[in-house]
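As structure tokens, the structure follows; a few thoughts come after it.
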């Protein structure tokens with residue numbers, strides 16, 4: 001423009017150049033809020049759109065039936081590449097005048113073949129196999145963006161870098177106003193790397209198990225290794241026998257304890273039975289005297305009155321001529337009630353019956369009224 005236009009003096013060119021530089025700096029530094037228009041114009045437009053939407057709202061009948069919107073199913077395995085920039089940013093006034101150089105990709109969007117060349121250049125440098133230079137982490141399955149300068153970053157990392165830096169500049173080569181394209185080469189490399197690692201781990205596990213089994217079943221031919229092999233076999237068999245012996249010893253020890261406890265119980269029971277079987281007439285008289293002094297008037301089993309067989313004026317027999325059982329522990333019951341209780345006992349041994357009141361072994365004696 002300056003070459004084809006003739007100016008009589010520099011007074012006209014200098015202000016134009018200054019304005020061009022200022023415009024370029026404002027757009028380059030992302031200072032977009034310096035406008036002479038009404039600052040509340042956007043808020044007014046939003047309020048106007050909201051009022052129009054309320055005015056055009058139509059009433060609907062609520063039938064109570066909620067229809068779920070069918071969400072489009074996303075194919076996980078399908079990975080398509082697409083350009084994020086809808087159109088390149090227009091040139092500034094200084095770039096149009098040729099005062100500041102501009103990039104080739106700033107005039108128009110790159111074609112598929114051009115993006116292929118950019119990706120090929122990036123793959124030759126193994127950028128997809130290297131971690132992201134911003135977060136220093138592998139690309140994994142996150143979205144990656146390929147810049148028109150052939151550098152690759154995480155999409156989220158590049159977005160955060162642009163937001164905090166306030167300008168669109170490549171973090172690697174400082175190229176401005178680049179174009180971005182979502183690619184998945186890093187994800188493919190990560191999946192291939194993960195599958196290879198899983199396969200190698202599984203194959204190593206299988207081979208190690210096979211080799212251990214081979215070592216256990218086939219003795220080596222070297223005399224020294226063969227001797228060590230049979231020593232290990234003998235040690236393994238000995239340890240197994242020792243473990244089994246210790247287990248049997250513990251079982252026998254517990255069994256001996258149970259037998260000792262049972263023997264002690266039998267001894268005490270035999271002693272009590274012997275003492276009870278040797279009760280004399282005088283002892284039975286003392287037992288009957290203690291029962292009389294206790295003054296029990298009811299059978300503890302059926303709670304009916306006892307017949308007065310000892311000529312006591314305080315007791316009154318409800319059932320006449322009913323036999324009464326006097327126990328060696330001086331407790332008194334109806335003979336019929338005590339026999340019924342003994343019949344329901346789970347222990348068939350007569351000498352092991354216990355008194356329902358004091359839970360002691362007893363010998364009984366029938367007292368006729």
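In UniProt numbering, the protein residues as written are 1 to 369.
Even for Gly, the Cβ is constructed at its ideal location relative to N, Cα and C.
Unbroken stretches of the beta strand (DSSP E), 3 residues or longer, contained in the stretch 98 to 175 | 144 to 147, 152 to 154
Pick from 99, 206, 82: whose alpha carbon is nearest that of residue 16?
-> 99
Which listed residue (108, 154, 301, 327) has its alpha carbon closest to that of residue 292 | 327
Nearest residue (CA-CA) to residue 184, options 83, 252, 280, 279 = 83
Is it true that the CB of residue 205 sits closer than 8 Å to the CB of residue 219?
-> no
Using the C-alpha atoms, what's the distance from residue 177 back to residue 14?
-> 27 Å
With a Cβ-Cβ cutoff of 8 Å, do residue 180 and residue 214 count as a contact?
-> no
Host alpha helix (DSSP H) of residue 206 (start-end) | 185 to 217
Compare the C-alpha of residue 169 against each of 151, 182, 186 and name the closest.
-> 151
Just tell me which of 251, 112, 252 has its CA closest to the CA of residue 80.
-> 112
Neighbourhood of residue 161 by C-beta distance below 7 Å, restricted to the same chain and skipping five residues each side | 134, 171
Selection from 165, 238, 118 that minimises the alpha carbon distance to residue 145 = 118
When DSSP labels each residue in this structure, what does residue 180 get in the three-state scheme?
-> strand
Shortest alpha-carbon distance to residue 335 belongs to which of 359, 305, 244?
-> 305
Residue 127: buried (16+ other C-beta within 10 angstroms of its C-beta) or exposed?
-> buried
Separation of residue 187 from residue 53, as counted between CA atoms | 44 Å
Length of the line joining the Cα atoms of residue 173 and residue 55 = 53 Å
Using DSSP with H/G/I as helix, E/B as strand and the rest coil, what is residue 266?
-> helix
Beta strand (DSSP E) segment containing residue 279, residue limits = Residue 279 -> no beta strand (DSSP E), and no H or E assigned at all.
Burial state of residue 330, where buried means 16 or more other Cβ atoms lie within 10 Å | buried
Buried or exposed: where does residue 207 fall if 16 or more other Cβ atoms within 10 Å of its Cβ makes it buried?
-> exposed
Applying the criterion that 16 or more other CB atoms from any shown protein chain within 10 Å of the CB defines a buried residue, is residue 364 buried or exposed?
-> buried
Within its chain, find whatever has a CB closer than 6 Å to the CB of residue 342; leave out the 5 residues flanking it on each side and keep chain order.
-> 353
What's the gap between the Cα of residue 57 and the Cα of residue 50?
-> 11 Å
Measuring CA to CA, which of 232, 366, 362 is closest to residue 322?
-> 366
Taking the CB atoms as reference points, tell me whether residue 344 and residue 300 lie closer together than 8 Å.
-> no
Compute the Euclidean distance between the alpha carbons of residue 101 and residue 175, then round it to the nearest angstrom.
-> 12 Å
Assuming residue 155 contacts residue 143 under a Cβ cut-off of 8 Å, what Cβ separation, rounded to an integer in Å, is found between them?
-> 4 Å
If I'm right that residue 141 touches residue 190 with Cβ under 8 Å, what's the distance once you round it to whole angstroms?
-> 7 Å
With a threshold of 16 other CB atoms inside 10 Å of the CB of residue 211, please say whether the residue is buried or exposed.
-> exposed
Name the DSSP beta bridge partners of residue 83, please?
-> 181
Over the uninterrupted beta strand (DSSP E) stretch that includes residue 327, give me the two end residues.
-> 324 to 327
What do you reckon, are the CB atoms on residue 149 and residue 139 nearer than 8 Å?
-> no
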